[in-house]
Amino acid sequence: MLSRERLQERFIEMVKIYSPSKGEKEMADWLENWLSARKIPFQSDRAGEQYGGNGRNIVACLKGAGDGIPLGFGAHMDQIEPCANVQPIVEGSIIRTDGTTTLGGDDKSGLAAILEAVEDILETDAPHRDIYLVFTCSEEISMQGTKHMDLQMLPCYDLVIVDATGDTGVVAYKAPAMEAVSVTFHGQKAHAGIAPEKGVNAIVTASKAIAEMRIGRIDPETTSNIGRIEGGGATNVVTDEVTFTAEIRSHSMEKLAAELAHMESCCAAAAQEMGASYDFQHELAYPSLSLDLDCPLVQLTKQAMEAEGITPDLQVIGGGSDANILAGHGYRSVILGLGMRDVHTVEESLDMDEVWKAAKVLRHMMG
């Protein structure tokens, strides 16, 4: 039977395992030991080696005899620093830290909910569909683990990613694509007090370009942001180089391309006005995720929630996850909430009542 006590104990055990992005080896070892102890076959890759990490992606499979499409259930192993020596504090149904680290509810709560649902199937020998368990590394650094995953391990194309903020009931079925942008302006160095007219100030050039960009909420589907700007030195030197980084997100690939072109046109105009040059680099960090509301995966998710007395809250979200990367390879994913609060901060907390409800929904979907 499903056990709330075991669910919480396992979550607390996992958050005490140090598993920052690029450093998930110990967490991967723990998961593989859990799978081996239950005789669940699994495969793992060497993804971390491709981007300077020590983690790996793990895909396990429980072959079923029941009806229904094969389903994958996924969560990521890494968490945001600081995450060494996590000291969880339990206050009723809420678990938080002592304020010196993140908690790891993002996403070890997803791992815990998935494992508890599987535990029940194993203990009761209940009939079930083909189940794939997908545990990824380095999700928090632009989904590097999934970007380097050996996808031959994952023949199942319908996935439930347990990694959304908000309570159980949240079902994200659309998430935007994101372009990562880096721009460097090259001006001309000169003495700012003696011969400033001989210089071309790269900071001023960048400022003119940014001032003409559309930053923030552009439309209901599209956002952009300047994340960092750096360059320059002494005040008596006309700055000859400055770099800024930015991002653009949109649920529309056409709008994403248009906004990227607009951002570059602002850079070109500012450089021409100032007599500077610029380098404009961009990369599609992840593609968009979009499911039809009447697709079998969304309908199955809704039915499982309603069977557990939970009202589905179908959402279009603004963040990216492993689901976006997998969507680019033809996988279909819903992203479920399970009580995470204030993620990526030392104020992070988790509502175990919500994780418990999520575990029951996942168990229902596995049948």
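Each step along the sequence shown adds one to the number in the numbering used here, with nothing skipped, and position 306 is 1791. Beta carbons are placed, not taken as given, at the ideal position from N, Cα and C, and that holds for glycine.
For residue i, three-class secondary structure by DSSP
i	result
residue 1529	strand
residue 1676	strand
residue 1619	strand
residue 1716	strand
residue 1681	helix
residue 1579	strand
residue 1552	coil
residue 1800	strand
residue 1588	coil
residue 1852	coil
residue 1571	coil
Status (buried if at least 16 other CB within 10 Å, exposed otherwise) for residue i
i	result
residue 1710	exposed
residue 1806	buried
residue 1616	buried
residue 1738	exposed
residue 1721	exposed
residue 1591	buried
residue 1516	buried
residue 1682	exposed
residue 1776	buried
Residue i versus residue j - alpha carbon distance
i	j	result
residue 1701	residue 1666	15 Å
residue 1694	residue 1576	50 Å
residue 1793	residue 1570	36 Å
residue 1614	residue 1728	52 Å
residue 1811	residue 1707	21 Å
residue 1531	residue 1564	19 Å
residue 1438	residue 1518	Residue numbering for the chain in the displayed model covers 1486 to 1852; residue 1438 lies beyond these limits and cannot be assessed.
residue 1840	residue 1598	6 Å
residue 1627	residue 1833	20 Å
residue 1509	residue 1622	7 Å
residue 1837	residue 1588	13 Å
residue 1660	residue 1523	35 Å
residue 1572	residue 1504	14 Å
residue 1536	residue 1634	12 Å
residue 1637	residue 1528	10 Å
residue 1492	residue 1581	16 Å
residue 1745	residue 1808	23 Å
residue 1562	residue 1498	13 Å
residue 1760	residue 1752	12 Å
Distance CB(residue i)-CB(residue j) smaller than 8 Å
i	j	result
residue 1601	residue 1486	no
residue 1662	residue 1771	yes
residue 1496	residue 1593	yes
residue 1723	residue 1673	yes
residue 1754	residue 1763	no
residue 1533	residue 1540	yes
residue 1687	residue 1643	no
residue 1655	residue 1800	yes
residue 1690	residue 1828	no
residue 1647	residue 1560	yes
residue 1843	residue 1669	no
residue 1595	residue 1831	no
residue 1645	residue 1741	no
residue 1696	residue 1712	no
residue 1513	residue 1554	no
residue 1835	residue 1824	yes
residue 1657	residue 1802	yes
residue 1749	residue 1765	yes
Bridge partner(s) assigned by DSSP for residue i
i	result
residue 1825	1651 and 1835
residue 1754	Its beta-bridge partners do not exist; DSSP assigns none.
residue 1663	1734 and 1771
residue 1766	1667
residue 1505	1564
residue 1688	The partner list for residue 1688 (beta bridge, DSSP) is empty, contrary to what the question assumes.
residue 1701	1709
residue 1643	1817
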